[in-house]
Amino acid sequence: MKEVTMDKLVVLCKNRGIIFQGSEIYGGMGNTWDYGPIGVEIKNNLKRAWWKRFVQQSDNSFGVDAAILMNAKVWEASGHTSSFSDPKMDCKECKTRERADNLIENYAEKHHLDIVVDKMSNEEMEQFIAEHKINCPKCGKHNWTPIRNFNLMFETSRGVTDENQNKIYLRPETAQGEFVNFLNVQRTMRAKVPFGIAQIGKAFRNEVTPGNFIFRTIEFEQMEHQLFCKEGTDESFYQDYKKKAWQFLIDLGFQPNHLRYHDHDKLAHYAKEACDIQYLFPIGWSELNGIHNRTNFDLSRHQEYSGKNMLYMDPVTNEKYIPYVIEYSIGADRLMLAVLSEAYEEQPLENEIRVVMHFHPAIAAYKVAVLPLQKNLSEKAKEMYQTLKQHFMCTYDEAGSIGKRYRRQDEIGTPYCITIDFDTLENGTVTVRDRDTMEQVRMTLDQVIAFVQEKITF
Ligand code: GAP
């Protein structure tokens, strides 16, 4: 039974140490979220799985960890200073701020209109909103300001004296950290095109309409991979990355019918071709990740603005060119939300409904929970817990009935519970309970280690 809603996920995350409201004791800070002890493990496991697939197992792929604060010229070159904005309108009555494109999209969906908002200019959007008398979703009145483009970059300043401050930005995407290091990576790793640069890191956006839990926040983490290739080979790499991105999700356990491709009609200022993979979130079909053919826009612009030569010389043909870039970008937090939503199940049992999170074992926070059947078995159980801890993340629980303890582990998605009983004292075997089937088998501790190790490999 799939009964997942955003509210249920928020409550489960709060009560099970997965995700808390940011700055909660001060009444919270809008659209910021803190990962708790269980959540940070899951998110780190997702990042590890991504890195393994797109760096470790990919040919000619290298990682970087660039600074969040970059020279302000980077954002001029990338086009973010002039074009990274959303069309916002304010309701003059209740001061609610809305994105004009969202107002139109919601209206079109409600009235079954086939409209491509992506292709509309600001004037066309204003006209549409006026003609269809689209009201403010909060107060219901129709009294909008004209559309203004609202730059999404967070500004801060840097300088040692008050008079001498330079405006700088918190990066709105990690991608530029890969582009500005193109020459460094190529030279130091003696990389030959095609090669990739990957990065996982924080990005910040002053979103006009953040919300829906961790779906759209003002601070989030991105996992981005830029594949540098020769013009002419770009289309084939673009198609490859569409498939690789899809396969990564399938291997994490997503059902194919919960995923779909969505090609973009309106392209970002840097893209020749772009598509999303959308996931059927509890809020409906929405973007999970993006794949863009960025052409040689970024490297050409950095060459122009920095004065550094970005030409790559083919060592075989001696041909010189600025590589094209195929970008694959996915938000770690958005992936987390999708994984939570996909894993959630309310399963009717005889006398109760069990909430169980079916995470891939590689992604689950704890791989094993060690549970003594009775308190007087705790000495042996703790000894086994100490051994298992050396191999993978484990937890220990001796409080409450065994049934309650299983439920607690089901709710955080622990794939295996091992129970220590009186037979353990006799022959050293334990029962291993599978989270999904609830079946139990007996094994020695060495067998448990080998068994779990194999299951948690991504
Ligand atoms: N470098 C390309 C780029 O940043 P994007 O489509 O703006 O492209 C890529 O963002 C991914 O980052 C999205 O598919 C989404 O997963 C994630 N993302 C973007 N904005 C976000 C936000 N405000 N909150 C959480 N995740 C976000």
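Read in order, the letters of the sequence shown correspond to residues 631 to 1088 in our numbering. The beta-carbon is built from N, C-alpha and C at its ideal position, and this holds for glycine as well.
For T1059, the secondary structure class from DSSP, reduced to helix, strand or coil, is strand. A875 sits away from Y942, with the two beta carbons spaced by 8 Å or more.
By the neighbour-count criterion, in which a residue is buried when 16 or more other Cβ atoms sit within 10 angstroms of its Cβ, L1055 is exposed.
Of the residues assessed, M1014 falls on the buried side of the cut-off, its CB having 16 or more other CB atoms within 10 angstroms. In terms of side-chain proximity, the C-beta atom of D963 is found nearer than 7 Å to a non-hydrogen atom of ligand 1.
Rounded to whole angstroms, the Cβ separation of R1063 and Y1046 is 7 Å, and the two are in contact under 8 Å. Cβ-Cβ distances below 6 Å link M659 to G652 and S653 in the same chain, with the five nearest sequence neighbours on each side left out; the list follows chain order.
With three or more CB-CB distances shorter than 8 Å, the segment 821-832 counts as touching the segment 687-696. In chain order, D895 place their CB closer than 7 Å to the CB of V746, counting only its own chain and leaving out the 5 sequence neighbours on each side. Within the model, the alpha-carbon separation for C859 versus G770 is close to 51 Å.
Rounded to whole angstroms, K740 and I764 show a C-alpha spacing of 12 Å. Take F780, set aside five residues on each side of it, and the residues of its chain with a beta-carbon closer than 7 Å to its own are S715, D716, K718 and V838, in chain order. Looking at the DSSP output, V823 shares a beta bridge with no other residue. According to DSSP, residue pairing for Q908 in a beta bridge involves R890 and E917. The C-beta distance from V986 to E972 rounds to 13 Å, too long to meet the 8 Å contact threshold. Annotation: the continuous alpha helix (DSSP H) that includes H932 extends over F927 to S936. Shown here, F858 sits in a strand according to DSSP, grouped into three states. Taking a cut-off of 8 Å for Cβ pairs, the segment 805-818 and the segment 921-940 touch, as three or more such pairs fall below it. A residue is called buried when at least 16 other Cβ atoms come within 10 angstroms of its Cβ; S866 does not meet this threshold and is exposed. N674 is not bridged by DSSP to any residue.
Residue state for F812 is assigned as helix, using DSSP reduced to three classes.
The shortest C-alpha to C-alpha distance from H710 to any of N752, L639, R727 and R801 is the one to R801. When only Cα atoms are considered, R788 and E903 end up about 37 Å apart. Remark: fewer than three beta-carbon pairs, one from each stretch, lie closer than 8 Å, so the segment 729-736 and the segment 950-964 are not flagged as touching. Boundaries of the alpha helix (DSSP H) around V704: A702 to S708. If you ignore the 5 residues before and after M940, its C-beta comes within less than 8 Å of the C-beta of F812, L813, L929, S930, H932, Q933 and I952, all in its own chain and listed in chain order.
Taking V685 as reference, the option from N773, K997, L857 and R1065 with the minimal CA-CA separation is L857. The continuous beta strand (DSSP E) containing D720 extends over residues S715 to D720. Take Y868, set aside five residues on each side of it, and the residues of its chain with a beta-carbon closer than 8 Å to its own are E903, I921, N923 and I956, in chain order.
Straight-line measurement puts the Cα of E793 at about 48 Å from the Cα of L970. When rounded, the separation of the alpha-carbon atoms in T662 and I649 is 10 Å. In this structure, DSSP gives D1066 a state outside helix and strand, which the three-state scheme calls coil.
Scanning M853, E706 and F845 for the CA closest to the CA of A696 turns up M853. Among the bridge pairs identified by DSSP, D664 is matched with F650. The straight-line gap separating the alpha-carbon atoms of K725 and D1040 is approximately 44 Å. Partner residues in the beta bridge of V955, as assigned by DSSP, are F858 and T925.
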